[in-house]
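Engineer: I have a structure here, written as structure tokens, and I will follow up with some questions on it.
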Amino acid sequence: FHRKRGECFHMDENHQVDILLLQAVNGNLNSREQLIEKNRPFILREASRFCNRFLEWGRDEELSIALMALNEAIDAYRKEDGQFEALARLVIKRRIIDYFMIETIQMNERREKRGKIITATTKIIPVIRIKL
141 FHRKRGECFH
151 MDENHQVDIL
161 LLQAVNGNLN
171 SREQLIEKNR
181 PFILREASRF
191 CNRFLEWGRD
201 EELSIALMAL
211 NEAIDAYRKE
221 DGQFEALARL
231 VIKRRIIDYF
241 MIETIQMNER
251 REKRGKIITA
261 TTKIIPVIRI
271 KL
């Protein structure tokens, strides 16, 4: 599932990844770690694409979220449900959305204490309090 458009992998490598995935789904922690490590480029590409900017390991929290999402996708994957890549992409996207929502809520709470509120589009709007 880690193949990029226009990028060729040997059948042996694809087969190895499929085996790692099945072993990881069945509880093999070593296979899970290897699968996640082999798919760091996929994680980086998908998270960066969704965030509309290049992300960097060790700097951007979104990559940590995406890495945990890939791990979650391994837990949720069932071979009969289809391709793992589609599931992993969906879980990564949803977890990053969750992260952005939580960040926005926390930012709103901090700004509300100072009399301003921030929306998801990062506009600052003064809070108007009306006495009834």
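Take the sequence shown: its letter number 72 is residue 212 in this note's numbering, and every next letter is one higher.
A virtual CB, placed ideally from N, CA and C, is assigned to each residue, including glycine.
1) If we require 4 or more residues per run, which alpha helix (DSSP H) segments fall completely within the stretch 158-238?
2) Tell me, to the nearest whole angstrom, how far the beta carbon of Leu184 is from that of Leu175; I am working on the premise that it is less than 8 Å.
3) Could you check what DSSP says for Arg251 in three-state terms: helix, strand or coil?
4) When you compare the stretch 195-210 with the stretch 228-236, are there three or more beta-carbon pairs, one atom per stretch, that lie closer than 8 Å?
5) Going along the chain, which residues of its own chain have a beta-carbon closer than 8 Å to the beta-carbon of Glu212, five neighbours each way excluded?
6) Is it buried or exposed for Arg254, if we count other Cβ within 10 angstroms and need 16 for buried?
7) Report, in whole angstroms, the separation of the C-beta atoms of Arg180 and Ile214, which I expect to be a contact under 8 Å.
8) Can we count Arg250 as close to the ligand COA, meaning its CB is less than 7 Å from some heavy atom?
9) Report yes if the CB atom of Phe224 is closer than 8 Å to the CB atom of Leu161, and no otherwise.
10) Could you check whether Val165 and Lys178 sit closer than 8 Å to each other, using their CB atoms as the reference points?
11) How long is the line joining the alpha carbons of Asn248 and Glu220, rounded to whole angstroms?
Structural biologist: Judging by the given coordinates:
1) Listed in chain order, they are 169-178, 180-191, 201-216.
2) Leu184 to Leu175, Cβ: 15 Å. No contact.
3) Correct three-state label for Arg251: helix.
4) Segments in contact, yes.
5) Answer for Glu212: Val231, Arg235, listed in chain order.
6) Its Cβ having fewer than 16 others within 10 Å, Arg254 is exposed.
7) For Arg180 against Ile214, the beta-carbon gap comes to about 14 Å, at or over 8 Å, which does not count as contact.
8) Although the ligand COA was asked about, the structure shown includes no ligands whatsoever.
9) Contact: yes.
10) The beta carbons of Lys178 and Val165 sit no closer together than 8 Å.
11) Asn248 and Glu220 have their C-alpha atoms some 42 Å from each other.
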